[in-house]
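Each remark here refers to the structure printed beneath this line.
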Amino acid sequence: MSVAEEIKRLHELHQAGALSDEEFAAAKARLLNSGPTPGLGGDADLWRLRRSHTDRWLGGVCGGLARVSGVESWIWRLLFVLFVCTFGFGLAIYILLWIFVPEDELIGN
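So the number in our numbering is just where the residue sits in the sequence shown, counting from 1, plus 53.
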C-alpha cells in the first residue's frame with residue numbers, strides 16, 4: 054500500500070470517528086516520517102532477518118528469528134524441534150532458512 058493510500062485510509066477512519074484528532078495527527082506524522090520500506094506490503098521485518106552470530110547453536114536461524122520477532126530464541130528452537138517430531142518438515146524449513154537467510158555482518162572485523 055502506498056503512502057497516499059494509507060493517508061487516505063487514515064483520513065477515512067478519522068472522518069468516521071474511529072480516530073481522534075490527536076490519533077490522526079500522530080499516525081499521519083509517523084507514516085510520513087517512517088520513510089520508504091521494502092516491498093511485501095511494507096513489512097520491513099522480513100528484510101531485517103539475519104542469522105545471528107551471537108545467539109546460535111547450529112546456524113543462528115533461531116537467534117535471528119528471535120531478534121526480529123521479539124520472541125525468545127529458545128521458544129523458536131522448541132518450535133522447530135516440535136515440528137521435526139510431529140510433522141517432520143521442521144528440519145527442512147530450518148535447513149532452507151540456514152541456506153537462504155544471510156548472516157549478520159560482524160561489526161569491527
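Glycine is no exception: its CB is placed at the ideal position from the N, C-alpha and C atoms.
Count the other CB atoms within 10 Å of the CB of R62; is the residue buried (16 or more) or exposed (fewer)?
-> exposed
Start and end residues, alpha helix (DSSP H) containing R104 | Run containing R104: none; DSSP gives neither H nor E here.
What three-state label does DSSP hand G95 in the structure shown?
-> Below a pLDDT of 50, predicted positions are generally treated as unreliable, and G95, at 44, falls in that range; the measurement from the model is reported next regardless. Secondary structure at G95: coil, using DSSP grouped into helix, strand and coil.
Three-way DSSP call (helix, strand, coil) for E24 in this model | Given that the chain is displayed from residue 54 to residue 162, the structure contains no residue 24 and the question cannot be resolved.
Does the segment 138-154 come within contact of the segment 103-115, defined as at least 3 CB pairs closer than 8 Å?
-> Using a Cβ-Cβ distance cut-off of 8 Å, the segment 138-154 and the segment 103-115 are in contact, since at least three pairs of beta carbons, one from each stretch, lie closer than that value.
Rounded C-beta distance between L72 and A82? I'm assuming under 8 Å.
-> Wrong, their Cβ atoms sit about 13 Å apart, outside the cutoff.
Below 7 Å CB to CB, which residues in the same chain sit around E58 once its five sequence neighbours on both sides are set aside?
-> none
Are L135 and V121 closer than 8 Å when you measure CB to CB?
-> no
W129 classed as buried or exposed, judged by whether at least 16 other C-beta atoms fall within 10 angstroms = Answer is buried; the Cβ neighbour count reaches 16.
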